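Chemist:
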Amino acid sequence: MTTDPAAVPTFAELDLPAPIVQAVSDLGYETPSPIQARIIPHLLAGSNVLGQAQTGTGKTATFLLALYEHLLRNPAPADRLPTQPRALVLAPTRELVIQIHSDAQELGQGLG
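So for the sequence shown, numbering that gives the first Met the number 0 puts the first residue at 0; every next one is plus one.
1. For residue 100, which residues from the same chain have a beta carbon less than 8 Å from its beta carbon, with the 5 sequence-adjacent residues on both sides left out?
2. If I'm right that residue 56 touches residue 32 with Cβ under 8 Å, what's the distance once you round it to whole angstroms?
3. Roughly how many whole angstroms lie between the Cα atoms of residue 15 and residue 25?
4. Using a Cβ-Cβ cutoff of less than 7 Å, which residues in the same chain neighbour residue 34 once the five nearest sequence positions on both sides are dropped?
5. State the DSSP-derived secondary structure class of residue 24, mapped to helix, strand or coil.
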């Protein structure tokens with residue numbers, strides 16, 4: 000992977016829907032981190048991925064952005080009950096669940 004900052008795509012160039020790009024921008028993020036730039040295209044293509052990076056590099060946001068992209072591009076059926084989940088996120092510890100929940104709420108504001 001290149002370390003040239005000019006080579007890092009924007010979130011819009013990762014083919015994320017405009018509402019997601021706006022949500023990320025509203026949080027003050029201009030460009031994806033290296034792990035995000037490498038992994039998001041594979042997630043959007045439907046691939047299974049395994050990524051490893053330091054704490055605080057955006058791994059949680061990476062899978063949440065891909066999840067939100069899927070939910071936005073694939074609306075719920077009209078007969079879906081509000082109590083029926085559209086996604087299930089599993090995590091190994093309570094602390095990680097709390098972090099993911101917080102990140103999901105922050106990233107998901109304004110997405111519906």
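All residues carry an ideal CB built from backbone N, CA and C; glycine is no exception. Keep in mind it's a predicted model, so treat the numbers as computed, not measured.
Modeler: Inspection of the coordinates gives the following:
1. To locate residue 100, count along the sequence shown from 1; it is residue 101. So the list is empty, once near-sequence residues are dropped.
2. Taking the first residue of the sequence shown as position 1, residue 56 is located at position 57. Taking the first residue of the sequence shown as position 1, residue 32 is located at position 33. Contact between residue 56 and residue 32 holds, with the beta-carbon distance rounding to 5 Å and staying under 8 Å.
3. Here residue 15 refers to the residue found at position 16 of the sequence shown. Here residue 25 refers to the residue found at position 26 of the sequence shown. Each residue's alpha carbon lies about 15 Å from the other.
4. For the purposes of this step, residue 34 is taken as residue 35 along the sequence shown, with counting starting at 1. Once the five neighbours on either side are set aside, the close Cβ partners of residue 34 are 50, 52, 56, 57, 58, 61.
5. In the sequence shown, counting from the first residue as 1, residue 24 sits at position 25. Helix at residue 24.
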